[in-house]
Structures are given as structure tokens and as C-alpha cells.
Amino acid sequence: MAHADISKVFVDRPILAAVLSLLVLIAGAIAIPNLPISEYPDVVPPSVQVTAIYPGANPKTIAETVAAPIEEAVNGVEGMIYMKSTAGSDGTMQLTVTFKGGVDIDLAAVQVQNRVAQALPRLPESVRQLGVTTVKSSPNLTMVVHLRSPDQTYDGLYLSNFANLRVRDELARLDGVGQAIAFGAGNYSMRVWIDPDKAAARDLTAGDIIAAIREQNLEISAGTIGGPPRPKGSTVQFSINAQGRLSTPEEFGAIVLKAGNEGQLTRLRDVARVELGSNNYALNSLLDNKDAAAIVIFEAPGANTIALSDAVREKMAELAKGFPAGVEWTVVYDPTVFVRQSIKSVISTLLEAVALVVLVVVVFLQTWRASIIPLLAVPVSIVGTFAVLWMLGFSINVLTLFGLVLAIGIVVDDAIVVVENVERHIEEGMQPRAAAHQAMSEVSGPIVAISLVLASVFVPLAFIGGVTGQFYKQFAVTIAASVLISAFNSLTLSPALAAVLLKPQGAPKDKLGRLIEAVFGRFFGWFNARFSKASKRYSSSIGGTIARAPRLMVVYALLIGLTVLGFTQVPAGFIPTQDKQYLFSILQLPEGATLERTEAAMRRMGEMALATPGVESAVQFPGLNAIHFVNTSNAGLMFVGISPSGERDVSAAEIAGMLNGKFSTIQDGLAFALLPPPVLGLGNSAGVETYVQDRGAAGYGELNNQTQMLAGALRGTPGFDPYAVFSSFQSNVPQLDASVDRTKAKEQGLALTDIYTALQVYLGSAYVNDFNLFGRTYSVYAQADAGFRDEVSDIVRIKVRNQQGQMVPIGSVVEVTPSYGPDPVIRYNGYPAADLGAGINPALLSSDQAIQQIKAIAGQVLPKGMNIEWTGLTYQQVTQGSMALLVFPLCVLLVYMVLAALYESWTLPLAVILIVPMCMLSAIGGIWLLNFIHGMWFGLQIGWGWIPPPPMSVPPTFIDNNIFTQIG
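The working numbering numbers the first residue of the sequence shown as 522 and each following residue consecutively.
Next comes the structure, spelled out in C-alpha cells:
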């Protein structure tokens, strides 16, 4: 046989065999430091985010005039799986388009940008003026860096701008960083706080003030003196510097708004207060209840998570040398800590598996010369596999390491078969080299066959698509690569070492052999006697079992039935919830609550959290909607950092329960804690995530009512966590409708554009233009001062100029009535929608069961015209869960087909296939045991644990079949 001839070459040339194995080992060693390290493979679907700003507009207006036209243009872009837009009260619209895994995100961003360009002419003028941005979105939140002032020397605005000016850009340039975003009190902005009464007294409207600022704050290119073409003889050239853009509050305050007939001037400072303030007063950032600036780091696809975290810390330590006194940095939110522990845990398991393999090999082979041959197969196969992972663009993660743990027991099998067969021929009187030749002629075929069977099962799994396929791929290819390298090693290095290391029959033992004999000889003798006795008992029992074949088949049938029953009873899941050393805490105050009120409630939450055993830190963002990451005055998000699991007696879920008990005492609103999502970037929290869509145009009020009815039904369903069934959608946010009587306006000579401009500038904050400071460009905003937009009566007091040049209060033509509306406005796949998250108790309900119950309850509760659609990790589970069900039958079928081809028989492979259900029964028993020990369902998960049994049952049954076939 060809493979036997190959082995003959390496038996005769052992150095060549050693060199080839060393090359494999070196390639793997080179690959290891270059492989990215992460918890899971890169399974988060790529996404593109479109952002637009409509200053002063309410969420409903933004959704209808900005979000809807852009969605219509973007919908159906190639590779898209779903899209979601959010319009907030701060004037911001964010549209996130999520694509299938494997899509070229750079090309997708270009395609989205092209479609957005088609919608630009349909957008409001102020939106086009501020610009619509399209960027690749990075959902993988790696860590958060905080800047704080322990002695309160600097306020939040200073820290926020210091973060933007001195830190954010430095971090954004680090290798592996996808995005670096600063959260806090906002960027600097020149704020023009207008006194409407003083402006009206000087016969000035909001439009007059805006026009004057734009006229006198502009960028000027004044040219040069003596520039070419110039008269002959000119020897000097001068650039002209003309002050265009202003840069200080004093310079802006000196802007001339109006000149009187007698030379009197009205300046901006006469009717407004000008200060260097913030561009956004709708969000704040706290760390342990103290002002801080947060720099959120999102990693780029394929980045090395651990290396990125280390690089950020090193860069911050370097930058801190230039920080002013009173400014410090810290990192309290770093999910990579859990990733490190997960990787460390699996590596520890890997080393334990190696130790067990060494122990078993030594106990059974009982000589160092025979033991070292299969043990050398472990580092060559395992380390060499990393080279394959590197070439395929994989990462070192929990799944690839799990694959290596399983592979350790497989890769030594072939080498043990070689050594045992060589030793058998040596005992028959052959010399080691001749014995190696003879042994390889006998076992090369089975080694190749077993390796092909194992690889044939694992390799096809690499071609399954979607998130499920990404999980299977790295796990399966890792095992397949290690098995194939092991087979190569067993055909080359193992026989060569056997020929060199093993001694002829009767040869005296060397010093090490005598030492092992002296130390362990008595144990080996005891073990051999017991093992021989057990083998004889087993052999005799086999004969009795065969004689009772009918009874045995009845027992087998009962076990098959028990296996089927187990499959129906064990809950199915996707990815288990884990203790990741942090929690999400969400705060929702009543509709219309101010940011100050929200911040006060969030500070109380921080106090409660920091007083809870096991809690180490509280990262707080009052004003941030946790579900949609938009600014909402009555919402807040808090990351609760908890101590490592080994340093506390309670689980993360138990800490969440304690926090929920404390948060329930907050009277101002709803607050609760959640476990984070199993995979960062896939969803916002653990549990099931869905949207209720209004496809029948029932209105936001009815959408909210139906969503709350569905949420209430879920809270009363066993298995759902009542604290964690939540929707951030609110349709009853207090608003005011300002209705203009157009007839009266025309009768009084008032232009509608002047009325709406006055409303936008005084009440909604109007973008004017830009100014330069600290080498950066910032925005100028004009708005009525706080005291002139605090009461409803302030609206009707605003004055505009009529055609006769008189200042007329708009109250004569504007009627203000109270109303209600949504904030934020959410659209999912082009329809108005309300988010709904459902946390589950893993001890009572699996994610698959939760999905089925939500579908059933929604079918009963929701009226016609309203539907639910899944998102995040739940979407992946629903759309690809059926694919996981096909994986196991595919594995069994492939094992059967390959064995049938090897045996040239349709019946002999059944000996292998019939043992598979027993493997499944053992696995189901293990799941029940885990549930008993941990009090929670681990479920079938994605099916990783079901893949190894079919191929791993091949080697022993393959050998048995060979023996029985040879016997006749």
C-alpha cells in the first residue's frame, strides 16, 4: 500500500521524519502569538450605521421626515437581514442596517451610502446642512476608559473635552480599535443664550440674530500680495490674514446685530448671553456617582481582544504622564477580564487533559521508550493545529481550545496503535526496524481509515453558514486539522521513533528504565494483574451476553426509547448565560421626567449597587436609553462591575436578584438589573429580544397598549423573570402641540417661515455655523435662555416681525394645547415598532422554550395588523436553529457512508452506528446531572457536544470489526 511505502521511507530515515515534525511544530509556534484571542469566533453580523441630526424636531417628526425616506432608499440593500431606526428627543436619528455574516462590510457601507444619497433631496434643509453620516458600526464593546477628577478640580465638561482632545484620537489609532467614542457632558460649543424680550425690544427677531452671526462669523480666504502672475521685479510675496471665524465668547458678544440712524449699535451681548458650553445637555456620565468622562472602545472585526485591552492600558499609562494634576484615568468596565479567565480555564483543562493522557499512556505501556512515542504526538499535533488556524483566519477562542481538548485523546490513539504493534513483533523476535516495517504494513490502513472517518465528519461542518456555522466551523476544523496532523505524524515520526527507541527482545534495560522499574515496578505488577483479571471477566461476560442476544436487544430498544424521551425532555438552547463579572442595570422614569430627576434616581441606584456584596463599581449614564443607545431624558443605563467569581459566594444572577430587590424601592420609576448577552454585540442583554410591529397603522398609542399587554402576559408566565420583561417604548410622553392659524397669520402680515424659525431657534436650539478652538472645529448654537423656555406661556410671548415692521407676539396666531407622543420613535424593518425584552429564569426555561411561548402568547394577545419580529441573538437562533438539528444526523450519515466505503459493506458499519444512541443517552444524562448540580438548564446549546460522539465511537468499533472480520 502507498501509505505503508511512505512509512518505510521514514523508518529508514528517522532524521527526515523528525525534521518534518519539527517544521510542523515551528509553524504552529510562530502562529500562536499572531492569532487573535477572543471568547468566541467572530460571529457578530456586520452592520452599518446612518446618523442624521434634526435640531429641535420631536421624535415623531424625525421618524416621518428623516428616518422613513432613508429607510425606503436603504431597504433591500444586498445582504441585509434587518434594519432598525431610532429617533430621539435630542434631534438625532440613527439607522442601523445589519447584514449577513461574511458580507464585505466595506462594500456594504458604500452601497448604503449610495442609497442614502438618493434620499438626501427629500430630507429637511437643516438635516442636509448638518450632514448625514454613514459608517461601519462596531457592536463589539471591548472596554470603557474613564477620566475623572478625584478632588473635583475639573467638571464633567472639561473632562469630556479633555477626553476628546487628548485621549480619544490616540486610542482610535491603536491597532484593533474599530471605534472610540467619548461619552460625558458633550463637546465644546459656543452657546448663544438669547433673551427674547430684549431682542423684541430692540426690534430683532430670531432670524435677524442668526443671520448676523452667520454674516460676521465666517471663514475667509483673503488671498495674497505679490502672488503670481505679478509684475517683473517683485521680490516679496505676502499672505493676507483676515479675521473670519471668531473663537471666544467675547468676540461673539461683540457681533453687531443692528446699527441705529444716529450711530448707536446693538451687539449680540446686548440681547444674549454667550458662553463656551456644551453641544449636548441631554446626557451625563458618572463613575461611582462622581462626574467622569467615558471613552467607549469598540473593537474591529478580527481584532485580538486581549492584545487590544493591553494596548489601551499601555497607551493610557503613557498619556497619563502628560495629564494635568487632578485628572486620573481608570478602567472598571473591561469584559476582556472574563475572556482571559475563560481562556485560562480552557487552557488549564487542556493541560489537565495532557497530564491524564501522559498518565494513562505510562500506566499501560510501562516503559519510557514506548511511552514517549505517543506523547510526542501531542505537541506536534496540537501546536501544529495553530498553524492551520492561522492560515484559515481563525482565532484562539473557547471553541478552538475546546476542540483541542477533545483532540488530545484522539491524537495519541494512532501512535499507541503503532507502538503496540511494533512491540508485538519485537516480542516475536524481530529487530526493531524490521518490526516497524512489518507493523506499518499492517496498521497504516486502519490509521488512514480512522483519520479519514474523523475528518470526513468534521470538515463538512465548516461549510454550514450563519452564526451557527461560524461556531461549528472553528470547532470542527480544529479537530479535523489535529487528527490529520496526527495521522501524518503516525505514518512518519511514530514508526521512525519506534525503530530507534525500542530495544530488541531480551535487551537489558537502561538506567532510566531500571529506575522506573524500581520505583513503579510493584505498582505495574499490581495493575497488570488486576487489569488481566478484569479483561478475562469481561471476555467471559461477552460470551454470556452473546448467548442472550434477544434479551440484549430488548434492553437496547429500551435504551433507545429512553434516549428519544431524553431528547424531548431536555430543553434546547442556543448559547448559555454566563457569569461575566458585570451586569446591566436599566432605569426608566415616567414620561416627561427631566434629566436632573433621572440623574438623581441613578445616583440612588449607584449607592444601592455599591453597598451590595460582590459589587465593585458602577458606570452610570443618566440620559441614555439602554436598549437603543439614544439620548432620552427619562432613561438611564448603569454597568455594574462585580468581583471575580472566585472571590464571592454568590453568582451574578443572585447579585442581579439582590439589586432588583433594592431597585424596587425606587419610587420615581422602574429600575432593574439584567445579565449581559452571552455574545457581546449580539443583543443588549440575556434573554429573548423581539419587536412588536404596527403593520396596520393603528398608531403609537395602540402599539404601546398592545406591547404592554404582551409584556404583562409574559410576566405572569412561569419561567419568565418579571423584573426583566421590559419595553422602553413610551407613547404617552407629555408634549405640546403648537397650531398656527394660517388665516390669522396672513391677515396680520406674518410669514409662516418667521413663526416656525422663531419656535425652532428659541425653543429647539438652532445650529448657526462653526468656530475654531484648540485646533478643532466646534458648532455654534443659538437658543432662548433657560428662563424663557420653562413655561407654556413662554411660547405665546415670542415675537416676530409682520409686514408693517411691527413686533407681534405669536400667541395671537398660535394655539398651544397639551398632547402626548412617543419618545423615542422606533422603526423596525420599515414599520413603527416597540422593543420587548424578556429575561428568563434558566432553572425553569430554556431560550428555545421561551421563544415558543412568546410566539404562542403573541398569537393570542396581539390583534390583526400587529406582529412580532425577532432581533439580535434571538433572530439568529430562530433562523438557524433548524440547521443545528441537521448537523447531528449529517455526522451519523457521513460516518456510516465512509465506513461502508472502507468495508465495502452496508451491514458492518452498523456496529458503529448502533453505539451512537448510547453516546447520546450518556450526554443527556450529563445534562440532567448539570441541571441537578447547578440548578439551571444548559440545554443542547448549539450542538457542539453532540458532534464528537459519532466519529469518536469509530476507533474502538473499527478495531473490533477488523478483529472479527479477520477471525472470519
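The beta-carbon is built from N, C-alpha and C at its ideal position, and this holds for glycine as well.
| Check | Outcome |
| --- | --- |
| The segment 1268-1283 touching the segment 1135-1143, judged by at least three CB pairs closer than 8 Å | no |
| Integer Cβ distance of G1342 from Q1397, believed to fall under 8 Å | Not a contact, Cβ separation roughly 33 Å. |
| Simplified DSSP assignment, three categories, for S1185 | coil |
| Alpha carbon of Q1327 to alpha carbon of R723, nearest angstrom | 11 Å |
| Every unbroken beta strand (DSSP E) inside the segment 748-835 [3 residues or more] | 777-780, 786-788, 793-799, 811-820 |
| Backbone CA spacing between I1463 and V817 [nearest angstrom] | In this prediction, I1463 scores a pLDDT of 45, lower than 50, which makes its location untrustworthy; the coordinate-derived value is nonetheless stated afterwards. Using only the alpha carbons, I get a separation of about 31 Å. |
| Bridge partners - P1513, DSSP secondary structure assignment | The chain is shown only over 522 to 1489; residue 1513 falls outside these bounds and no answer can be derived. |
| Burial state of L1461 (16 or more Cβ within 10 Å) | Annotation note: pLDDT 44 at L1461 (below 50); position unreliable, no value reported. |
| Cβ shell of L1411 (< 6 Å), same chain only, five flanking positions each side left out | none |
| Cβ neighbour criterion (16 or more within 10 Å) applied to E1210 | buried |
| Buried or exposed by the 16-neighbour rule on C-beta atoms within 10 Å, applied to G1208 | buried |
| One or two residues paired with L1284 in a DSSP bridge | Its beta-bridge partners do not exist; DSSP assigns none. |
| Cβ pair V795, G765 closer than 8 Å | no |
| Reduced DSSP secondary structure (H/G/I, E/B, other) of Q700 | strand |
| Limits of the unbroken beta strand (DSSP E) element including A1305 | 1297-1305 |
| Beta-carbon proximity check, Q632 vs A594, cutoff 8 Å | no |
| Residue(s) in a DSSP beta bridge with L1191 | Q1109 |
| C-alpha gap between D716 and G798, whole angstroms | 17 Å |
| Length-filtered (3 minimum) beta strand (DSSP E) runs lying within the segment 1208-1295 | 1209-1215, 1241-1247, 1254-1261, 1287-1294 |
| Same chain, Cβ closer than 7 Å to R861, neighbours up to 5 away in sequence not counted | I827 |
| S681 and A703 closer than 8 Å at C-beta | yes |
| Nearest-angstrom beta carbon gap, I1000 and W889 [assumed within contact, 8 Å] | With 8 Å as the limit, W889 and I1000 do not qualify as a contact, their Cβ atoms being about 29 Å apart. |
| The beta strand (DSSP E) enclosing E1137, as first and last residue numbers | 1136-1145 |
| Classification of W911 by the beta-carbon crowding that lies within 10 angstroms, buried from 16 upward | buried |
| D1311 versus A727: straight-line alpha-carbon distance, rounded | 18 Å |
| Outcome for Q887 when other beta-carbon atoms lying within 10 angstroms are tallied against a minimum of 16 | buried |
| Best match in P576, N635, P567 for proximity to N626 [C-alpha to C-alpha] | In the sequence under discussion, the amino acid at residue 626 is Ile, which differs from the Asn named in the question. Closest by alpha carbon: P567. |
| Sub-8 Å separation of A1371 and Q1214 beta-carbons | no |
| Residue span of the beta strand (DSSP E) that contains N1155, given as start and end | 1152-1163 |
| E1120, enclosing alpha helix (DSSP H) - first and last residue | 1116-1131 |
| Short Cβ contact (8 Å threshold) for T674 with G847 | yes |
| Y1077 (DSSP reduced to helix, strand or coil) | helix |
| Boundaries of the alpha helix (DSSP H) in which M912 is found, first to last residue | 889-912 |
| Beta-carbon gap between L920 and P562 smaller than 8 Å | yes |
| Proximity winner among A721, I894, R1169, T1298, relative to A1020 (alpha-carbon distances) | I894 |
| Residue range of the unbroken beta strand (DSSP E) whose run includes H946 | Looking at the DSSP string, H946 is not in any beta strand (DSSP E); the run it does join, the alpha helix (DSSP H), is 919-948. |
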